[in-house]
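Encoded as structure tokens, the structure appears first; notes follow it.
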Ligand SMILES: [Zn+2]
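Residue numbers (the working numbering), protein chains in the order written: chain G, 872 to 1057; chain Y, 7 to 98.
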């Protein structure tokens, strides 16, 4: 087994001097994968404070929390790290006896932000989706691939992407993106 | 790149999918009542269709759901996709 990759290690690397695109490692979040039927989804909506998006591949944001649709009965919940225990407690008590699963994946994943007018171009170096704004609008999110790694890609702005990746794949994803950013280096 | 229409996510690149074998194979309700030959047939024997084939696919690097597809094995043309549990549509 490889050593645990610390989030700090991901930010320590030298910055690439690229025009129109920048990559940063984001601080830790509280993360949950919620899976469950309609009734439990309603309970988690109340507990989490965001109506879980029912439309495929869409994210919804309120204050400092976000709910990302990953599948027809599966959502990724993001919140500040300090809310971790409160969210689990609240969801569990509201869902009561309804069958559901709420898995704390806070430490399984790390997040990057890739931003700038050339962010989509850099992503397209390893991702096969159409990232034009008309095909992948702001607020769209999905599991997908980046080269050999699986990621969750979420467009938070016209020129800004939030990337979730499993921790052990994070150095690979970071290095892959940095390599493609070199194309716009100065 | 081949685009596969996921019933949940819409058309998506083939890299996100995995093949899941022949569709509509129901597990026998009472395996103990089967002969070894019948059990082996359920486990191992599959059609080898020349033409329209109903098969399972999984959008593993997407919504992660299994679904079914009608595909022509001679042309690789995808005729339609539909959700697991729905009956096999008429071949288009
Ligand atoms: Zn899908």
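Ideal Cβ placement from N, Cα and C applies to all residues, glycine included.
For residue i: DSSP bridge partner residues
| i | result |
| --- | --- |
| residue 88/Y | 74/Y |
| residue 12/Y | 16/Y |
| residue 942/G | 945/G |
| residue 924/G | Residue 924/G pairs with nothing; no bridge assigned. |
| residue 1012/G | 1025/G |
| residue 937/G | 932/G, 949/G |
| residue 61/Y | 28/Y, 75/Y |
| residue 1056/G | 889/G |
| residue 1031/G | 986/G, 1028/G |
| residue 980/G | 1037/G |
| residue 974/G | 904/G |
| residue 955/G | Its beta-bridge partners do not exist; DSSP assigns none. |
| residue 895/G | 984/G |
| residue 1048/G | Note: residue 1048/G sits in no beta bridge, so no partner. |
| residue 1020/G | 1017/G |
Supposed close pair residue i, residue j - CB separation, criterion 8 Å
| i | j | result |
| --- | --- | --- |
| residue 80/Y | residue 56/Y | 6 Å |
| residue 881/G | residue 1042/G | 7 Å |
| residue 915/G | residue 962/G | 5 Å |
| residue 994/G | residue 1004/G | Their Cβ separation, rounded to whole angstroms, is 13 Å, which puts residue 994/G and residue 1004/G out of contact at 8 Å. |
| residue 26/Y | residue 77/Y | Not quite, the Cβ-Cβ distance comes to about 12 Å (not below 8 Å), so this is no contact. |
| residue 966/G | residue 911/G | 5 Å |
| residue 927/G | residue 940/G | 6 Å |
| residue 904/G | residue 974/G | 5 Å |
| residue 1021/G | residue 67/Y | 5 Å |
| residue 1055/G | residue 892/G | 6 Å |
| residue 17/Y | residue 7/Y | Between residue 7/Y and residue 17/Y the Cβ distance is about 11 Å, and since that is not below 8 Å, they are no contact. |
| residue 936/G | residue 919/G | 7 Å |
| residue 1016/G | residue 92/Y | 27 Å between Cβ atoms; not a contact. |
| residue 943/G | residue 14/Y | 6 Å |
| residue 1012/G | residue 929/G | 7 Å |
| residue 985/G | residue 923/G | Residue 985/G to residue 923/G, Cβ: 26 Å. No contact. |
Beta carbon of residue i nearer than 8 Å to that of residue j
| i | j | result |
| --- | --- | --- |
| residue 74/Y | residue 62/Y | yes |
| residue 952/G | residue 901/G | yes |
| residue 87/Y | residue 72/Y | no |
| residue 1009/G | residue 1028/G | yes |
| residue 946/G | residue 938/G | yes |
| residue 972/G | residue 907/G | yes |
| residue 60/Y | residue 83/Y | no |
| residue 989/G | residue 1038/G | no |
| residue 991/G | residue 1035/G | no |
| residue 1051/G | residue 997/G | yes |
| residue 97/Y | residue 58/Y | yes |
| residue 1014/G | residue 39/Y | no |
Any C-beta of chain B under 8 Å from that of residue i
| i | result |
| --- | --- |
| residue 935/G | In the structure shown, chain B cannot be found, because the protein chains are G and Y. |
Contact residues within the segment 55–87 of chain Y, judged by C-beta distance below 9 Å to chain G: 65, 66, 67, 68, 69, 70, 71
Environment of ligand 1 in chain order, Cβ to heavy atom below 6 Å: 12/Y, 14/Y, 15/Y, 65/Y, 68/Y, 69/Y, 71/Y
Contacting positions in the segment 12–23 of chain Y - beta carbon closer than 8 Å to chain G: 14, 15, 16, 18, 19, 21, 22
Residues in the segment 1007–1026 of chain G having any Cβ partner in chain Y nearer than 7 Å: 1013, 1014, 1015, 1016, 1021
Chain Y contacts from the segment 926–950 of chain G (Cβ-Cβ distance under 8 Å): 927, 928, 941, 942, 943, 945
Chain-ordered residues of the segment 974–1002 of chain G with a beta carbon less than 7 Å from chain Y: 999, 1000
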